[in-house]
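Have a look at the structure below before the remarks.
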Amino acid sequence: MNFFADKYGYYNDFGGSYVPEMLYNNLDKLTNYYNKTIKTKKFQKLFDNILTNYVGRPTPLFFCKTYSKKYNSKIYLKREDLNHTGSHKINNTIGQALLAKEMGKKQIIAETGAGQHGVATATTCSFMNLECIIFMGAKDIHRQSSNVLKMKALGAKIVPVYSGDQTLKDAVNETIRYWINHPESYYLIGSTVGPHPYPQMVADFQSIISKEIKIQLKSQEGHNIIPNYVIACIGGGSNSAGAFYHFLDNKLITLIGVEAAGMGINTNKNAASINLGTKGVLHGSMTLVLQDKEGQVLPAYSISAGLDYPGVGPMHANLFFKKRVNFLHATDTEALLAGCELMKLEGIIPALESAHALAILKKITLNMNDIVIINLSGRGDKDIHIYEKFIKNKTYYESIK
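Dropping the structure here:
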């Protein structure tokens, strides 16, 4: 079964390109350049060289000894947090920035929520001598202040967005508005969302994650060994798309995507767009969206700024309806507990986004020697003040053994 987009950018009923007419020309050019460039030996050689020598790939597939003992299985973490800039986001920004230079673009525009995509974009633009403008919700600027400082230091111009909920959705809206008025710029989207060809393009650039997992697991466990589970958090869907990409056709492998349930899926404070969303158009593609009966997009909520988004990429919407991926969810508290547990047991501070994926270990039944791979999409330096508040108010941290 084909789980990827057709030539028009459709994943069965999802995807496509629902944008104002003035953007059609931009998207046509981008699609043509992407299709022409991505598979050339010159592009792939340059892309691979930068990933190896600048980003620091391959990232380790780390066996968690203590964690495995606790959950009575074999747990590995794919350490995307060890990439340069601290997350998986830079895999995609390097690829798209190379494409932008190929197209002759001088100015990059982007949006960010947690700041991980913003830092990766600002870093890449500095590295490739490109002008960089980052749109970011004012609320996210406040809660991810350390990443804002990094982006500014790297030379990016930060544009605060005060409309709507002042989070990622609103930052995307403002970036699209700017793009309409400045079609000469290149919009570097950080997740598997937006109009065609962005969802497929981002998934392609992030597919390096599962490509490396396959090679590394064979080296550590044996040639014919495959994982029983691959688990990743889901906001827009970029890190999970990369983690699942090369395993989609093997149904012996259980794939689990973890949404942010915020204060609970029975409340109106969550970002579980797959479990609670309905079919609709968001930011240029047909997908699953948190919306009311009139089609107005509802505010999303998560303690994790990177998951605080009212929709999901069309690739994941299709995987949900095809029942290829199990989509579960974790609340803020469950994610904080899971993050603290990883700190205490393995000495790793996970991003709050990644902590949602870790939280699902308590919700699935594992058998002895099951091989579980969790994509640790980012490091938690940016979230340390949120963890600090949680640890101060809880005795759980001291009780973890």
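Residue numbers (the numbering used here): -4 to 396. Beta carbons: idealized from backbone N, C-alpha and C, even for Gly. Since the model is a prediction, treat every value here as computed from it, not as a measurement.
Please return the same chain residues whose Cβ sits closer than 7 Å to the Cβ of residue i, not counting the five positions on each side in sequence.
{"i": "H351", "result": "C228, V253, A255, S299, L302, A325 and A330"}
{"i": "V156", "result": "F130, M131, G132, A133, D165, A166 and E169"}
{"i": "K209", "result": "H241"}
{"i": "G259", "result": "N265 and T326"}
{"i": "K60", "result": "none"}
Exposed or buried, what is residue i when buried is set at 16 or more other beta-carbons lying within 10 Å of its beta-carbon?
{"i": "K31", "result": "exposed"}
{"i": "I379", "result": "exposed"}
{"i": "E106", "result": "buried"}
{"i": "T119", "result": "buried"}
{"i": "A148", "result": "exposed"}
{"i": "R138", "result": "buried"}
{"i": "R172", "result": "exposed"}
{"i": "Q286", "result": "buried"}
{"i": "M17", "result": "exposed"}
Give the secondary structure of residue i by DSSP, where H, G and I count as helix, E and B as strand, and everything else as coil.
{"i": "A255", "result": "strand"}
{"i": "P309", "result": "helix"}
{"i": "Y157", "result": "coil"}
{"i": "C120", "result": "helix"}
{"i": "F(-1)", "result": "coil"}
{"i": "Y304", "result": "coil"}
{"i": "T107", "result": "strand"}
{"i": "T390", "result": "coil"}
{"i": "I368", "result": "strand"}
{"i": "C59", "result": "coil"}
{"i": "H191", "result": "coil"}
{"i": "G237", "result": "helix"}
Near residue i, which residues of its chain fall below 6 Å by C-beta distance, leaving aside the five closest residues on each side in sequence?
{"i": "N142", "result": "G110, V114 and K377"}
{"i": "G375", "result": "I344, P345 and A346"}
{"i": "P178", "result": "N21"}
{"i": "L481", "result": "No statement about residue 481 is possible, as the shown extent of the chain runs from -4 to 396 and does not include it."}
{"i": "L243", "result": "F(-2)"}
{"i": "T80", "result": "V114, A115 and T118"}
{"i": "H112", "result": "K84 and G185"}
{"i": "G308", "result": "T187, V188, P194, G231 and G232"}
{"i": "G334", "result": "P345 and A350"}
Cβ atoms of residue j and residue i: under 8 Å apart, would you say?
{"i": "H218", "j": "S12", "result": "no"}
{"i": "N321", "j": "F9", "result": "no"}
{"i": "N78", "j": "S233", "result": "no"}
{"i": "T249", "j": "N223", "result": "yes"}
{"i": "K84", "j": "T54", "result": "no"}
{"i": "I103", "j": "A95", "result": "yes"}
{"i": "S280", "j": "G159", "result": "no"}
{"i": "G290", "j": "G275", "result": "yes"}
Considering only residues of the same chain and omitting the five flanking positions on each side of residue i, which have a CB-CB separation below 8 Å?
{"i": "I220", "result": "L212, K213 and I366"}
{"i": "N7", "result": "N313, F316 and K317"}
{"i": "N364", "result": "S68 and K69"}
{"i": "S205", "result": "V225, G237, A238, F239, Y240, H241 and F242"}
Taking the alpha carbon of residue i as the reference point, which residue from the options has its own alpha carbon closest?
{"i": "G306", "options": "A236, T47 and G230", "result": "G230"}
{"i": "K65", "options": "M146, L340, S372 and P55", "result": "L340"}
{"i": "S235", "options": "I175, S186, M98 and F385", "result": "S186"}
{"i": "P15", "options": "I203, S372 and I175", "result": "I175"}
{"i": "I251", "options": "L144, V197 and I355", "result": "I355"}
{"i": "A0", "options": "G342, S372 and M310", "result": "M310"}
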